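Residue numbering for the sequence shown follows our numbering, beginning at 81 and increasing consecutively.
Built from N, CA and C at the ideal position, the CB exists for glycine as well.
None of these values were measured; they are calculated from a predicted model.
Below is one structure, written out as structure tokens, with a few remarks after it.
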Amino acid sequence: MKHFIDINNFKKTEIDEIIALAKKIKKNPKKYSSSCKNKTLGLIFEKQSLRTRLSFNVGMQKLGGSVLELQGKDIGFDNKREKAEDVLNVLSQYIDFLMIRNDNHKQIVNLSKENILPIINGLTEYSHPCQILGDFLTLQENFKNYKNLIIVWIGDYNNVLRSLIHLQNIYKFKLNIVVPHQIFKHHKSEFLKFKNKNLKHLVDPIEGAKKSNCIMTDVWVSMGEKNNKIKYFKNFTVNKKIMSIASNNAIFMHCLPAKRGKEVTSDVLDGKNSVVLQQAKNRMYIQQAILLYVLKK
Ligand code: CP
Ligand code: NVA
């Protein structure tokens, strides 16, 4: 049984296959309009979501399938009434796959190991693989040769960055992560496991932005986290000055939602180099491809 939990669970050929399929679906959506006929996707959101919720819902409808949004508490997914595995056993009698967004990565890893139902990670406190695969599609659409790109991440060490690091470890493009020292020190041992000559940690956003082709960021405080980290992000706002240090055709990426004036200024977020809405749209195609991929026997 196939699941989609983390990018580093996959081989390069498998990721290439998913990206190629997403491109095909985007180019010729009609061809796939009954690929999920008679299939039902369950969605469990234990945290807020706009883009992931909409892109899975609409994406599944466009594949000819249906979607059931399940409230974790209502169906007893909290292990209180019955074990989550037992809930999954029952769900598997009605639905074909399940996307989960929660604050408990270990839970979805463990549930996937039961192989009861294909599980898709729709964001956890640890990672956000659907986002980064969608972003990889956006990068490929903007740059013919993504292999020579220099990508810089300016911000927190969070779920989105982890999935980006997982992707970098497969494709080995140049990735500079600029994360404040006070935050990075808590993740250093984890980072060192992934380090290679094209993956570097820097502390100065100006230094990091130099010659880069893509500047990426995300909120400084993720859902479910405490607000006490903001003080470490002085000079980390992606503004016009930082964009001007990057290469001429550099793009700005953000998974959204954004806190305007914090991690990014409005002139950059809404500016001509920003591809944030293209990223949001591509979530749908990549997730359609992921759904078809996990359904494949
Ligand atoms: N980028 C993203 O996952 O957005 P939502 O939290 O709104 O789903
Ligand atoms: N890092 C953010 C991503 C939101 C899509 C969060 O977890 O809140």
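Are the beta-carbon atoms of residue i and residue j separated by less than 7 Å?
i       : j       : result
Leu-178 : Gly-122 : yes
Ile-87  : Pro-209 : yes
Leu-203 : Gln-248 : no
Tyr-112 : Leu-143 : yes
Ile-250 : His-281 : no
Val-356 : Gly-288 : no
Ile-124 : Leu-150 : yes
Ser-192 : His-83  : yes
His-267 : Tyr-226 : no
Ile-245 : Phe-274 : yes
Gln-367 : Ser-115 : no
Gln-211 : Val-240 : yes
Asn-201 : Ile-85  : yes
Using the C-alpha atoms, what's the distance from residue j back to residue i?
i       : j       : result
Pro-109 : Tyr-312 : 45 Å
Lys-163 : Glu-205 : 22 Å
Gln-358 : Leu-197 : 31 Å
Lys-339 : Gln-128 : 15 Å
Asp-298 : Ala-360 : 14 Å
Asp-215 : Asp-176 : 26 Å
Lys-352 : Thr-120 : 39 Å
Gln-262 : Ser-302 : 17 Å
Ala-300 : Lys-342 : What sits at residue 300 in the sequence shown is Trp, not Ala. Trp-300 and Lys-342: Cα-Cα distance of roughly 8 Å.
Asn-362 : Leu-217 : 7 Å
Ile-188 : Phe-253 : 29 Å
Thr-384 : Asp-166 : Any answer about residue 384 is impossible in this case: the structure gives the chain only from 81 up to 377.
Leu-336 : Ile-310 : 18 Å
Phe-271 : Leu-148 : 37 Å
Ser-146 : Tyr-373 : 17 Å
Might you give, ordered along the chain, the residues of its own chain that have their beta carbon closer than 7 Å to the beta carbon of residue i, omitting 5 neighbours on each side?
i       : result
Phe-223 : Leu-229, Asn-293
Val-348 : Val-318, Asn-319, Lys-320, Met-323, Phe-332, Ser-354
Arg-242 : Tyr-206, Ser-207
Pro-285 : Ile-234, Val-258, Asn-315, Phe-316, Ile-322
Met-81  : Asn-195, Pro-198
Gly-152 : Ile-124, Glu-126, Asp-158
Ile-155 : Val-167
Could you tell me which residues DSSP pairs with residue i in its beta bridges?
i       : result
Glu-149 : Leu-123
Phe-177 : Leu-121
Cys-294 : Ile-231, Ile-331
Leu-282 : Val-258
Arg-340 : Val-344
Phe-84  : Ile-200
Val-318 : Val-344
By the three-class DSSP mapping on this structure, what secondary structure does residue i have?
i       : result
Ile-265 : Here residue 265 turns out to be Lys, not Ile, going by the sequence shown. Note: Lys-265 maps to coil in three-state DSSP.
Asn-276 : strand
Asn-169 : helix
Ile-199 : strand
Ser-324 : helix
Ser-354 : strand
Val-301 : coil
Phe-253 : coil
Asn-137 : helix
Ser-192 : helix
Gln-220 : helix
Cys-116 : coil
Go through its chain and collect everything with a Cβ distance to residue i's Cβ below 6 Å, but skip five positions before and after it.
i       : result
Tyr-365 : Ala-102, Ile-105, Lys-106
In chain order, what residues of the same chain have a beta carbon less than 8 Å from the beta carbon of residue i, not counting five sequence neighbours either side?
i       : result
Lys-92  : Ile-250, Tyr-251
Lys-376 : Lys-82
Lys-290 : Ile-325, Ala-326
Lys-334 : The identity of residue 334 in the sequence shown is His, whereas the question assumes Lys. Excluding positions up to five away in sequence, the list reads Met-296, Thr-297, Asp-298, Glu-343, Val-344, Leu-349, Ser-354, Val-356, Gln-359.
Any beta carbon from chain B within less than 7 Å of residue i's own beta carbon?
i       : result
Leu-171 : Looking at the structure shown, chain B is missing, and only one protein chain is on hand.
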